[in-house]
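Okay, so here's the structure we're looking at.
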Amino acid sequence: MRWKGSASAKSADVTQQMDFFSGVPGLAGGERCLSWLARPWMRPGFVGRWRRLFLAHFLIGSFFLTLSYFFLLSAQIQVTINGRAIRVFPWIGVGRAVTAAGVFAPPGDLLDVTGKVLQAGGGRPPAYRKNSRETTPQDRLSPGDAIVVEAGEDVVESVTEETRRQPSPLQVEGVGAFLRVVRKGEPGEEVVARGSLSGKTKEIRIKQVATPTVLRRFDYNLARKIAVLTFDDGPISPYTNEILAILDRYQIKGVFFVVGREVEAHPDLVRRIVAGNHELGNHTFSHRLSDSDEREKIAGELSRTEEAVQRASPGARLRWFRPPGGVLGGWILDVAEERGYVPILWSVDSKDWGKPADGIAEKVLDEVRGGSVLLFHDGGGNREATVNALPGIIEGLKSRGYNFMTLSELFYYLGLD
Ligand SMILES: [Zn+2]
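Residues 140 to 556 (this note's numbering) make up the sequence shown, in order.
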């Protein structure tokens with residue numbers, strides 16, 4: 140044998156050590172004995188014994204595995220999921236049987252009032268029925284059960300309703316600085332339905348139709364030659380200062396319809412207007428006002444200007460109101476009157492924002508009448524043309540016999556106080 144031959148070359152020492160094992164029964168010699176110690180599977184008969192042992196265990200194991208398999212198979216029951224037959228273990232429950240059948244039944248979504256998804260899966264859970272009765276995914280199964288599962292229904296957010304008043308639509312007739320109510324309309328009422336989560340409007344129902352208010356603009360066309368100089372959109376440096384200097388020079392008192400934002404920026408100019416016995420009007424805080432604005436927004440535009448004026452010049456009076464662009468619709472006129480303002484527009488629009496000085500003077504002198512309220516701008520842009528036109532306008536009016544009044548003086552003169 141190969142191992143015997145290869146060992147023949149070993150030294151005498153090694154042979155002596157091997158003799159130590161020579162007495163062990165069944166061993167043929169020292170060299171063989173050493174090989175078993177290093178590699179026990181080389182021992183004669185070793186492989187055969189282990190092979191038999193392994194085979195026996197394998198067969199027994201396989202037997203029990205097969206037994207278990209058939210036992211488990213026999214434990215499965217047949218049910219139908221949405222009409223499709225499937226074999227499942229009864230203890231896995233309805234929900235897992237549905238999953239095992241490959242049926243996908245998601246929950247519904249939460250939708251807003253316009254039908255958009257607010258929260259995916261935020262609707263109703265899937266609906267399970269066992270043998271036509273409602274059930275839960277945890278319910279156990281019995282042979283022959285017919286399970287029907289449907290995707291969950293979508294749920295629409297709840298709706299909150301708010302009744303709000305609609306302003307009387309405003310019809311303005313004629314031209315002029317003064318306003319007279321020809322017909323007083325009534326506000327309407329509408330119900331606004333909104334999604335309570337999204338805030339989106341679902342619908343607006345008219346509960347009561349608003350009736351229109353008719354307003355007439357007019358002037359007094361007095362025989363006496365009186366003119367009122369009014370200046371909008373300031374106070375702004377340097378134009379308000381320059382205009383005040385011109386008015387001082389001619390000893391004329393004007394009316395300044397101030398913008399609250401500019402008042403905050405130039406309180407010194409407000410103090411100068413008040414100290415010069417000129418009058419102040421409210422021209423809103425931001426110079427942005429629309430007939431679709433809510434009452435609160437309009438009131439805020441007025442009150443913020445009032446506060447700014449009071450901070451600049453405590454005790455200063457703000458009696459007049461002129462809305463930007465002359466827009467009085469929506470709630471604007473209502474809110475201004477509630478706060479005690481007298482709305483004043485204009486008789487002659489100088490259009491000083493789009494003309495050179497001589498063009499401004501020509502237009503004003505052409506259109507002025509007894510009792511006219513003249514509209515100029517000291518703010519809102521470059522007002523050099525206005526400043527340059529003003530002395531010529533004043534001198535032109537004086538030469539035609541005009542006197543200048545503030546609005547308070549004109550109201551007193553007209554007996555309107
Ligand atoms: Zn303005």
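All C-beta atoms in this analysis are idealised placements derived from N, C-alpha and C, irrespective of residue type, glycine included.
query                                                                                                                        : result
Pairwise C-alpha distance: LEU513 and SER307                                                                                 : 29 Å
DSSP state of PHE209 mapped onto helix, strand, coil                                                                         : helix
Per-residue DSSP class, three states only, for PRO406                                                                        : helix
Coarse secondary structure for TYR480, derived from DSSP in three states                                                     : coil
Separation of LEU484 from LEU546, as counted between CA atoms                                                                : 11 Å
Chain-order list of residues whose beta-carbon lies under 6 Å from that of GLN347 (same chain, five-residue window excluded) : GLY327, GLU328
Nearest residue (CA-CA) to LEU401, options TYR378, GLU342, ILE385                                                            : The question names Leu, yet the displayed sequence has Glu at residue 401. Looking at the Cα atoms, TYR378 is the closest of the given residues.
Residues near PRO530 in its chain [Cβ-Cβ closer than 7 Å; skip 5 each side]                                                  : ILE385
VAL474 and ILE437 closer than 8 Å at C-beta                                                                                  : yes
Member of PHE515, PHE460, ASN416 whose CA lies at the smallest distance from the CA of LEU318                                : PHE460
Contact belief for LYS392 with HIS422 at Cβ below 8 Å, rounded distance in angstroms                                         : No, LYS392 and HIS422 are not in contact; Cβ-Cβ is about 18 Å, not under 8 Å.
N-terminal and C-terminal residue of the alpha helix (DSSP H) that LYS436 is part of                                         : 434 to 451
Through-space distance from ALA528 to ASP497, alpha-carbon basis                                                             : 6 Å
Pair within 8 Å by beta-carbon distance, LEU354 and GLU296                                                                   : no
Helix, strand or coil at ASP497 [DSSP, three-state]                                                                          : helix
Among ASN270, GLY260, GLN310, the one whose alpha carbon lies nearest that of GLU292                                         : GLY260
Ligand 1 heavy atom lying under 7 Å from the CB of VAL371                                                                    : Residue identity check: residue 371 is Asp in the sequence provided, not Val. Checking every heavy atom of ligand 1 against the Cβ of ASP371, one is found closer than 7 Å.
Contact the segment 273 to 289 vs the segment 247 to 258: 3+ CB pairs below 8 Å                                              : no
Burial state of PHE543 (16 or more Cβ within 10 Å)                                                                           : buried
For GLU296, three-class secondary structure by DSSP                                                                          : coil
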